[in-house]
Amino acid sequence: MPLLNLILVFSELLLEAMDHEHMASRGVFTELDGVRQPAPAPRLSRTPGAIQRPPAVPGEHTDEALTDWGVASSEIAALHAAGVVASAAEPGIAARVPGSPSRSG
Numbered sequence: 027m028p029l030l031n032l033i034l035v036f037s038e039l040l041l042e043a044m045d046h047e048h049m050a051s052r053g054v055f056t057e058l059d060g061v062r063q064p065a066p067a068p069r070l071s072r073t074p075g076a077i078q079r080p081p082a083v084p085g086e087h088t089d090e091a092l093t094d095w096g097v098a099s100s101e102i103a104a105l106h107a108a109g110v111v112a113s114a115a116e117p118g119i120a121a122r123v124p125g126s127p128s129r130s131g
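So, in structure tokens, the structure goes:
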């Protein structure tokens, strides 16, 4: 199965799970800044988890992650130039990704 098909199947399963009444009753998913996402786990009575910040804008950590994985800055620049990866700084990147938060800063 091609990777894109696998991603699409997983996405559909995740959306189905998010809307399932059992998941809703257990509070498995939460919403922050208009983006539904898994709630912090485990949920402990004396030390409840909390989301500390809004979800990342698509491309927000691309360069940092690639650098951490040992990709040279010249290779990262080439990936950007070829349109293979995107940066949050690129105009309209958040608008091109469904469900992504659109914030500046």
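Residue 27 is where the sequence shown starts when you use my numbering, and the numbers rise one by one after that.
The beta carbon of each residue, even a glycine, is placed where N, CA and C say it ideally should be.
Alpha carbon to alpha carbon, how far is residue 39 from residue 113? Give it in angstroms, no decimals.
Rounded to the nearest whole angstrom, the C-alpha separation of residue 113 and residue 39 is 28 Å.
Quick one: what does DSSP say residue 61 is sitting in, helix, strand or coil?
Residue state, collapsed to three classes: strand.
As assigned by DSSP and simplified to three states, the class of residue 73:
coil
Using a 10 Å radius around the Cβ and a threshold of 16 neighbouring Cβ atoms, would you call residue 131 buried or exposed?
Low confidence applies here, because residue 131 scores a pLDDT of 40, under 50, leaving its location unreliable; read the following figure in that light. The residue is exposed, with fewer than 16 neighbouring Cβ atoms inside 10 Å.
Buried or exposed, going by whether 16 or more other CB atoms sit within 10 Å of the CB of residue 68?
exposed
I'd like to check one pair, residue 56 with residue 136: are the Cβ atoms closer than 8 Å?
Given a span of 27 to 131 for the chain in the structure shown, any question on residue 136 remains unanswerable.
Can you name the start and end residues of the alpha helix (DSSP H) that residue 82 belongs to?
Run containing residue 82: none; DSSP gives neither H nor E here.
Touch check for the segment 103–110 and the segment 70–82: three-plus C-beta pairs under 8 Å?
No: fewer than three Cβ pairs fall under 8 Å.
Cβ neighbours of residue 88 in the same chain (closer than 7 Å, five flanking residues each side left out):
If we look at residue 88 and ignore the five residues flanking it on each side, its Cβ neighbours are 111, 112 and 113.
Would you decide whether residue 60 is buried or exposed? Buried here means 16 or more other CB atoms lie within 10 Å of its CB.
exposed
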